[in-house]
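Visitor: Chains as they are written, first to last, in my numbering: chain A, 571 to 754; chain B, 175 to 312.
Beta carbons are placed, not taken as given, at the ideal position from N, Cα and C, and that holds for glycine.
Structure in structure tokens, see below.
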């Protein structure tokens, strides 16, 4: 096709698109190189706050990262999840693909793997993520959160939570509307 | 979250994702973006797909794999993505999410739910800059 190479990505993250395309078209990179560079661009730019360090803290204020990379020519895959203190998540995912026979590594063990592979350890908090978390904890009583069927009532209170001994276990299918920039 | 699919001049495909997840999640939670078939999937013989949105809901339906398989059966990228979105919306009508697909011929399409519209970015041979495509959601 005359349109090749081609890169598509979710959301209007055009620098990521451009860098991925240029990697393939002008720098002799493979399509795997292209998607790695594209995702790395967004990690560095913290695209809309949903990618990279310093955004979307968890209940304990920490930002952790998830990433996946797939080479469809060989069906090689690498992924990391709940990665702590490493900014270049897609780079670690590619290292999982290149240097292991596994598909996914998670948590602190993934961080240890990343350090062994030469990645730099760094704090992923930002001033903004700390402020967001403090506001959620102190002013919003930990609302919203992802707990259910626990005590104290998670729709009103912060934890620590324990299973609700007196309530029924419900599994409603309603999903809460979340801000447009808050997405996986 | 970013989900990306690339198709090179030799017809080879790759896909990748990267995210910092949902705000105030329970520590230890894993998003769909890290899961093959859910956050992304690709097959050189067919095409690739990637997903974005509420990962706790979306990963239950493995939408990227479903989209690629729908393209394998002859659906266009748009039709295939829509099939995946509809399967999720059947159980979770209010969920927020989108699926983006690219076939092995360079055709792309997307479908979404829970938003007014979903923008995605494209760059291909012969263009000087990426273009933003916006599609209306269900």
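(1) Under three-state DSSP, which class holds residue 700/A?
(2) Taking beta-carbon pairs under 9 Å, can you tell me which members of the stretch 578–591 of chain A lie near chain B?
(3) Within the chosen definition, does the stretch 612–631 of chain A reach the stretch 695–704 of chain A through at least 3 CB pairs nearer than 8 Å?
(4) Could you give the DSSP three-state label for residue 297/B: helix, strand or coil?
(5) Would residue 191/B and residue 228/B qualify as a contact pair, given that the criterion is a beta-carbon distance under 7 Å?
(6) Mind checking which residues open and close the alpha helix (DSSP H) that includes residue 587/A?
(7) Could I get the ranges of all uninterrupted beta strand (DSSP E) runs contained in the stretch 177–238 of chain B, with 3 residues as the minimum, in chain order?
(8) Determine the burial state of residue 304/B: buried for a count of at least 16 other Cβ atoms within 10 Å of its Cβ, exposed for fewer.
(9) Is the CB-CB distance between residue 257/B and residue 233/B below 7 Å?
(10) When you compare only the Cα positions, how much space is there between residue 217/B and residue 606/A?
(11) I'd like the list of long-range same chain contacts for residue 603/A, defined as Cβ closer than 6 Å, with 5 residues on each side in sequence excluded.
(12) Tell me whether residue 576/A is buried or exposed, calling it buried when 16 or more other Cβ atoms sit within 10 Å of its Cβ.
(13) With 16 other CB atoms within 10 Å as the buried threshold, where does residue 598/A fall?
(14) So is residue 703/A buried or exposed if we call it buried at 16+ other beta carbons inside 10 Å?
(15) Alpha carbon to alpha carbon, how far is residue 729/A from residue 588/A? Give it in angstroms, no decimals.
(16) Taking any Cβ of chain E, which residues in the stretch 268–285 of chain B have a Cβ under 7 Å from it, in chain order?
(17) Buried or exposed for residue 262/B, going by 16 or more other Cβ atoms inside 10 Å?
(18) With a threshold of 7 Å between beta carbons, is residue 728/A in contact with chain B?
(19) Does residue 269/B come out as helix, strand or coil in the three-state DSSP assignment?
Guide: In short:
(1) In the three-state DSSP reduction, residue 700/A falls in the helix class (H, G or I).
(2) Those would be 578, 579, 580, 581, 582, 583, 584, 585, 586, 587, 588, 590 and 591, in chain order.
(3) Yes, since at least three Cβ pairs between the stretch 612–631 of chain A and the stretch 695–704 of chain A fall closer than 8 Å, the two stretches touch.
(4) When secondary structure is reduced to three states using DSSP, residue 297/B falls in the strand class.
(5) Contact: no.
(6) Residues 584–595.
(7) Taking 3 residues as the shortest admissible run, the stretch 177–238 of chain B contains the following complete beta strand (DSSP E) segments, listed from N- to C-terminal end: 187–193, 214–217 and 221–227.
(8) By the 10 Å Cβ count, residue 304/B comes out buried.
(9) No, Cβ-Cβ distance for residue 257/B and residue 233/B is not below 7 Å.
(10) Residue 217/B and residue 606/A: Cα-Cα distance of roughly 17 Å.
(11) Within the same chain, residue 603/A has close Cβ partners 593.
(12) Residue 576/A comes out buried.
(13) Within a 10 Å sphere around the beta-carbon of residue 598/A sit fewer than 16 other beta-carbons, which makes this residue exposed.
(14) Classification for residue 703/A: buried.
(15) Approximately 44 Å between the Cα atoms of the pair.
(16) The structure shown contains no chain E; its protein chains are A and B.
(17) By the 10 Å Cβ count, residue 262/B comes out buried.
(18) For residue 728/A, the nearest beta carbon of chain B is not closer than 7 Å to its own beta carbon.
(19) DSSP places residue 269/B in coil when its eight states are reduced to three.
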